[in-house]
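Peer 1: Those protein sequences? They're chains W and U, same order as listed. Our numbering numbers the first residue of the first sequence as 29 and each following residue consecutively. Our numbering numbers the first residue of the second sequence as 29 and each following residue consecutively.
Number of protein chains: 2
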Amino acid sequence: MNIGSYSVEDYMHLVKSFHGNMAPGLIIGGFMVDLAMQEFSEGVLFDAISETQTCLPDAIQLLTPCTTGNGWLRVLNFGRYALCLYDKYSGEGIRVFVDTEKLEAWPDIKTWFLKLKPKNEQDPSALRDQIIEAGASILTMQRVTMEIASFPKKGKGAIAACPACNEAYPAKDGPLCLACQGGSPYRRETQDAKPALKIVSSTQDGNR
Amino acid sequence: MNIGSYSVEDYMHLVKSFHGNMAPGLIIGGFMVDLAMQEFSEGVLFDAISETQTCLPDAIQLLTPCTTGNGWLRVLNFGRYALCLYDKYSGEGIRVFVDTEKLEAWPDIKTWFLKLKPKNEQDPSALRDQIIEAGASILTMQRVTMEIASFPKKGKGAIAACPACNEAYPAKDGPLCLACQGGSPYRRETQDAKPALKIVSSTQDGNR
Numbered sequence: 029m030n031i032g033s034y035s036v037e038d039y040m041h042l043v044k045s046f047h048g049n050m051a052p053g054l055i056i057g058g059f060m061v062d063l064a065m066q067e068f069s070e071g072v073l074f075d076a077i078s079e080t081q082t083c084l085p086d087a088i089q090l091l092t093p094c095t096t097g098n099g100w101l102r103v104l105n106f107g108r109y110a111l112c113l114y115d116k117y118s119g120e121g122i123r124v125f126v127d128t129e130k131l132e133a134w135p136d137i138k139t140w141f142l143k144l145k146p147k148n149e150q151d152p153s154a155l156r157d158q159i160i161e162a163g164a165s166i167l168t169m170q171r172v173t174m175e176i177a178s179f180p181k182k183g184k185g186a187i188a189a190c191p192a193c194n195e196a197y198p199a200k201d202g203p204l205c206l207a208c209q210g211g212s213p214y215r216r217e218t219q220d221a222k223p224a225l226k227i228v229s230s231t232q233d234g235n236r
Numbered sequence: 029m030n031i032g033s034y035s036v037e038d039y040m041h042l043v044k045s046f047h048g049n050m051a052p053g054l055i056i057g058g059f060m061v062d063l064a065m066q067e068f069s070e071g072v073l074f075d076a077i078s079e080t081q082t083c084l085p086d087a088i089q090l091l092t093p094c095t096t097g098n099g100w101l102r103v104l105n106f107g108r109y110a111l112c113l114y115d116k117y118s119g120e121g122i123r124v125f126v127d128t129e130k131l132e133a134w135p136d137i138k139t140w141f142l143k144l145k146p147k148n149e150q151d152p153s154a155l156r157d158q159i160i161e162a163g164a165s166i167l168t169m170q171r172v173t174m175e176i177a178s179f180p181k182k183g184k185g186a187i188a189a190c191p192a193c194n195e196a197y198p199a200k201d202g203p204l205c206l207a208c209q210g211g212s213p214y215r216r217e218t219q220d221a222k223p224a225l226k227i228v229s230s231t232q233d234g235n236r
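(1) So, at 7 Å on beta carbons, what are the nonlocal neighbours of Gly185(W) in its own chain, with the 5 sequence-adjacent residues on each side left out?
(2) Quick one: grab the DSSP three-state call for Gly97(W).
(3) Ala186(U) CB to nearest chain W CB: under 9 Å?
(4) Please tell me whether Val103(U) and Ile56(U) are closer than 9 Å, where the distance is taken between their beta carbons.
(5) So with Cβ pairs under 9 Å, would you call Leu42(W) a contact of chain U?
(6) Which runs of the beta strand (DSSP E) spanning at least 3 residues fall entirely within the stretch 171-211 of chain W, listed in chain order?
(7) For Tyr117(U) and Tyr109(U), what's the separation of their Cα atoms in angstroms?
(8) Using three-state DSSP, classify Thr80(U) as helix, strand or coil.
(9) By the 10 Å Cβ neighbour count, where 16 or more other Cβ atoms means buried, how is Arg215(U) classified, buried or exposed?
(10) Spell out the partners DSSP gives Asn11(W) in its beta bridges.
(11) Can you tell me which of the three DSSP states Asp75(W) falls into?
(12) Helix, strand or coil, according to DSSP, for Lys222(U) in the structure here?
(13) Using CA coordinates, which residue listed in Met60(U), Pro152(U), Ala154(U), Gly210(U) is at the minimum distance from Gly32(U)?
(14) Closer than 6 Å by C-beta to Ala192(W): which residues in its own chain qualify, once you throw out the five before and the five after it? Chain order, please.
(15) Compare the Cα-Cα distances from Ser212(W) to each of Ser78(U), Ala196(U), Pro85(U), Leu91(U) and report the closest residue.
(16) For a contact meaning CB atoms closer than 8 Å, what does Val103(U) contact in chain W?
(17) Identify, in the order they occur along the chain, each residue of the same chain with its Cβ nearer than 6 Å to the Cβ of Glu67(U), setting aside the five sequence neighbours on each side.
(18) To the nearest angstrom, report how far apart Lys138(U) and Leu167(U) are at their CA atoms.
(19) Does Ile227(W) get closer than 9 Å to chain U when you measure Cβ to Cβ?
(20) If you run the structure through DSSP and keep just helix, strand and coil, what is Thr128(U)?
(21) In angstroms, rounded to a whole number, what distance separates the CA positions of Glu175(U) and Asp62(U)?
(22) Measure the C-alpha to C-alpha separation of Ser35(W) and Ser153(W) and round it to an integer number of angstroms.
(23) How many Å lie between Leu111(U) and Ser178(W) at the Cα?
(24) Is Gly107(W) helix, strand or coil by DSSP?
(25) Excluding the 5 residues flanking Gln170(W) on each side, which residues of the same chain have their C-beta closer than 7 Å to its C-beta?
(26) Once the 5 residues before and after Cys83(U) are set aside, which same chain residues still bring their CB inside 7 Å of it?
(27) Verify whether the separation of the beta carbon atoms of Asp115(U) and Val72(U) is less than 9 Å.
(28) Return the residue from the list Asp75(W), Tyr39(W), Pro93(W), Gln150(W) that minimises the CA-CA distance to Phe46(U).
(29) Show which residues of chain W have a CB atom less than 8 Å away from the CB atom of Ser35(U).
(30) Drop a sphere of 10 angstroms on the beta-carbon of Asp157(W), count the other beta-carbons inside from all chains shown, and report buried for 16 or more, exposed for fewer.
(31) Reducing DSSP to helix, strand and coil, say where Asp86(U) ends up.
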């Protein structure tokens, strides 16, 4: 059994190195991406949606060309453990979700997925074994069409200098950047000249 | 000159493989992450913020333990090319941004960053050379403190079955899941039994 072009074991190593631990949801996520991708012909450009922000986005990023930073992955946090890959031009797509009706044969997956017991009463090793054995059999696939027009247009447009922070920002955001309009999560911002100088000089020495 | 534990060249290969292309913003992003990380002692657990959704989140994901799926990376899309790494308990952090005042010595970086010319009139190879030569010298670092309490609590809480779609979702979201409350971007959702059966049987054959 493979996940994408990886053996399950190699995929789990990749997950550990990128995500930090071998989260059960990411193993299931691997089977979900794999199932959806099989429905696309070679060369079709697809975008991805994760309907949860937990774990699943990383399976998508590891196994498809879609990442947070290249804009081909969107997280629409509906709290459902589901993903969708869709043709970025036609909007035709494949949605895959964990089907709770198919979990009856897999008591440890069901207990974990529906949080039927506290974590410390669950058996992580039995859970992992069941997930690998179950593979795609706990998933259901749907054909969907995306409302592509409903997504905000990408592209920043013209760049301006914010009169408050002096940083570059998309002019279309208004007379100030969105952070200076009140969005900033920082309690204080203080320019720290010393470390910046330190870095500049070590860069000039070429010894970084 | 290195970016994290990589040579610049190795980092650019990694970028290409994960992000799909050697985006200039991701090379700068590498220097930004590197600069911020040098301020943290070994063993400090930090979370990350990207103040833009373009490119920079991928530099963070490649060079730190913080990813979209593990929840340690947050994108707060202020449209500023800036990031912040902060101690997840104290909120004390380092913010790094591209300092437009430092771009005067680097005309190709300035032209690209401020979009002073259409893309097809820019010189991507000169741009890349200047970015690598400039390194961290175009960046400024600030010490900040995060308003950690202002972030919504993580954790899904109890799980319920949505009476509309029958999928599992966080009960705290309301009587229906957020997608069935009207958030769904799908124009139609049709269960497609055929491919699901196909997959199930090939899984049982063990030949996937």
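We put the beta carbon where it would ideally sit given N, CA and C, even for glycine.
Peer 2: Inspection of the coordinates gives the following:
(1) Once the five neighbours on either side are set aside, the close Cβ partners of Gly185(W) are Pro198, Ala199, Lys200.
(2) Gly97(W) falls in the coil class under three-state DSSP.
(3) True, the Cβ-Cβ gap to chain W drops below 9 Å.
(4) Taking 9 Å as the cut-off, the Cβ atoms of Val103(U) and Ile56(U) do not count as close.
(5) Leu42(W) does not count as touching chain U.
(6) If only uninterrupted beta strand (DSSP E) runs of at least 3 residues are considered, those enclosed by the stretch 171-211 of chain W are 187-189, 196-198.
(7) Those two C-alpha atoms are separated by around 25 Å.
(8) Coil at Thr80(U), not helix or strand.
(9) Exposed.
(10) Any question about residue 11(W) goes unanswered here, given that chain W covers just 29 to 236.
(11) In the structure shown, Asp75(W) sits in a strand (DSSP, three-state: E or B).
(12) Note that Lys222(U) scores 43 on pLDDT, short of 50, meaning its location in the model is unreliable and no value can be drawn from it.
(13) When only C-alpha atoms are compared, the closest one is Met60(U).
(14) Here the set comprises Leu204, Cys208.
(15) Residue Ser78(U) is the option with its Cα nearest to Ser212(W).
(16) For the C-beta of Val103(U), the chain W residues within less than 8 Å are, from N- to C-terminus, Thr96.
(17) Cβ within range, chain order: Ile122.
(18) If I take the Cα positions, the gap works out to 13 Å.
(19) Reliability of the predicted coordinates at Ile227(W) is poor, the pLDDT of 30 falling under 50, and the value obtained from them is presented with this limitation in mind. With respect to chain U, the C-beta atom of Ile227(W) has a partner C-beta closer than 9 Å.
(20) Helix, per DSSP.
(21) Inter-residue distance for Glu175(U) and Asp62(U) is about 23 Å (C-alpha atoms, whole angstroms).
(22) Distance between the alpha carbons of Ser35(W) and Ser153(W): 19 Å.
(23) For Leu111(U) and Ser178(W), the gap between their C-alpha atoms comes out near 29 Å.
(24) DSSP places Gly107(W) in coil when its eight states are reduced to three.
(25) Correct list, in chain order: Arg123.
(26) If you ignore the 5 residues before and after Cys83(U), its C-beta comes within less than 7 Å of the C-beta of Ala51, Gly53, Leu54, Gly57, all in its own chain and listed in chain order.
(27) Contact: yes.
(28) Comparing alpha-carbon positions, the option among Asp75(W), Tyr39(W), Pro93(W), Gln150(W) lying closest to Phe46(U) turns out to be Pro93(W).
(29) Below the 8 Å Cβ cutoff, chain W contributes no neighbours of Ser35(U), its closest Cβ being approximately 11 Å away.
(30) Counting the other Cβ atoms within 10 Å of the Cβ of Asp157(W) gives fewer than 16, which makes it exposed.
(31) In the structure shown, Asp86(U) adopts helical secondary structure according to DSSP, grouped into three states.
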